[in-house]
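Undergrad: First residue of the sequence shown? That's 132 in this note's numbering, and the numbers climb one at a time after it.
Note that the Cβ used here is the ideal one computed from N, Cα and C, for glycine as well.
Nothing here was measured: the structure is a model prediction, and the numbers come from that model.
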Amino acid sequence: MTAPHGTQEPSDWVRRWSHLVPAGGQVLDVACGHGRHMRWFAQRGHPVTGIDRDPEAAAAVQPLGRAITADIENGPWPLAGEAFAGLVVTNYLWRPLFAQLLASVAEGGVLLYETFAEGNETVGKPSRPDFLLRHGELLTLCAGLRVVAYEDGFLDAPERYVQRIAAIRAPSGNGRARYTL
Numbered sequence: 132m133t134a135p136h137g138t139q140e141p142s143d144w145v146r147r148w149s150h151l152v153p154a155g156g157q158v159l160d161v162a163c164g165h166g167r168h169m170r171w172f173a174q175r176g177h178p179v180t181g182i183d184r185d186p187e188a189a190a191a192v193q194p195l196g197r198a199i200t201a202d203i204e205n206g207p208w209p210l211a212g213e214a215f216a217g218l219v220v221t222n223y224l225w226r227p228l229f230a231q232l233l234a235s236v237a238e239g240g241v242l243l244y245e246t247f248a249e250g251n252e253t254v255g256k257p258s259r260p261d262f263l264l265r266h267g268e269l270l271t272l273c274a275g276l277r278v279v280a281y282e283d284g285f286l287d288a289p290e291r292y293v294q295r296i297a298a299i300r301a302p303s304g305n306g307r308a309r310y311t312l
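#1: If you reduce the DSSP assignment to three classes, tell me which class PRO260 lands in.
#2: Short check: CB of ALA248 to CB of LEU264, under 8 Å?
#3: In or out: ARG146 buried (at least 16 other Cβ within 10 Å) or exposed?
#4: Tell me the rounded alpha-carbon separation between GLU290 and PRO257.
#5: Should MET132 be labelled buried (16 or more other beta-carbon atoms within 10 Å of its own) or exposed?
#6: Are the beta-carbon atoms belonging to GLY275 and PRO153 less than 8 Å from one another?
#7: List, from N- to C-terminal side, the beta strand (DSSP E) runs of 3 residues or more that fit wholly inside the stretch 149–194.
#8: With H, G and I counted as helix, E and B as strand and the rest as coil, what does DSSP make of VAL254?
#9: Would DSSP call ALA234 helix, strand or coil?
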C-alpha cells in the first residue's frame with residue numbers, strides 16, 4: 132500500500148536544492164498534497180503556504196502554515212500579486228499556469244520544479260502527453276532565470292522519467308544571485 136500523496140519523504144531534488152531558498156523566506160508548495168515539502172521547509176524555519184484543490188489535503192497542511200483550497204486549473208490564481216522566496220512544484224503539470232508560477236518567484240527567489248517527462252509513458256502513469264514535460268521544456272520555461280541545476284532522464288525505484296530544475300530569479304542591483312552549491 133502506498134502512503135497518501137504528501138505524507139512521504141520530501142523529494143531528493145527538493146532536499147538537495149532547498150538551501151538555495153533565502154533564510155526565513157516564504158515558500159509556496161503548488162499542488163501540495165498532504166504537505167511533505169511544506170513540512171520540510173517549515174522544519175527549516177520558513178513560513179509556508181500550500182495550495183491544493185483537495186479540501187482534505189488543505190486541512191491536513193493547515194497546522195504547517197497557510198493552506199489554500201483552490202482549483203488552479205479552472206479558477207483564478209488565488210495568490211495574484213504575491214511573490215515567494217521559494218516555489219516548489221512536484222509531480223504536477225498544468226502548462227497554462229507556467230507564466231503565473233514564474234511571476235510568483237520573488238527577486239532572489241528559487242523555483243524547484245520536478246515532474247514527469249516524455250518517456251514515462253513507457254514505464255507507467257502518467258502517460259498522456261498533457262502530463263509529461265517535453266525534452267528541455269523546463270529549460271525553456273526558465274530562460275529568464277539563472278539555472279543552477281537541471282536534469283532530464285530516467286530514475287528507478289520507482290521507475291519513471293522526470294525533468295527537474297532549480298533556478299533563481301536574479302535580485303535587482305548586481306543582477307547575480309549568490310548561492311552555494
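TA: Let me spell this out:
#1: The residue labelled residue 260 in the question sits at position 129 within the sequence shown. It is helical.
#2: Locating residue 248 in the sequence shown gives position 117, where the first residue counts as 1. Locating residue 264 in the sequence shown gives position 133, where the first residue counts as 1. Yes, they are a contact pair.
#3: Taking the first residue of the sequence shown as 1, we reach residue 146 at position 15. Per the 10 Å Cβ criterion, exposed.
#4: Numbered from its first residue, the sequence shown carries residue 290 at position 159. Numbered from its first residue, the sequence shown carries residue 257 at position 126. For GLU290 and PRO257, the distance between alpha carbons rounds to 12 Å.
#5: Start at 1 with the first residue of the sequence shown, and residue 132 comes out as number 1. Residue placement at MET132 is flagged as unreliable, the pLDDT there being 37, under the threshold of 50; the coordinate-derived value follows with that caveat. With a threshold of 16 other beta carbon atoms within 10 Å, MET132 falls short and is exposed.
#6: Translated into positions along the sequence shown, residue 275 becomes position 144. Translated into positions along the sequence shown, residue 153 becomes position 22. In this structure, PRO153 does not lie closer than 8 Å to GLY275 by Cβ.
#7: 158–161, 179–183
#8: As a first step, residue 254 is located in the sequence shown; it is residue number 123 there, counting from the start. Residue state, collapsed to three classes: coil.
#9: Sequence index remark: in the sequence shown, residue 234 carries index 103 (1-based). Looking at ALA234 - three-state DSSP - the assignment turns out to be helix.
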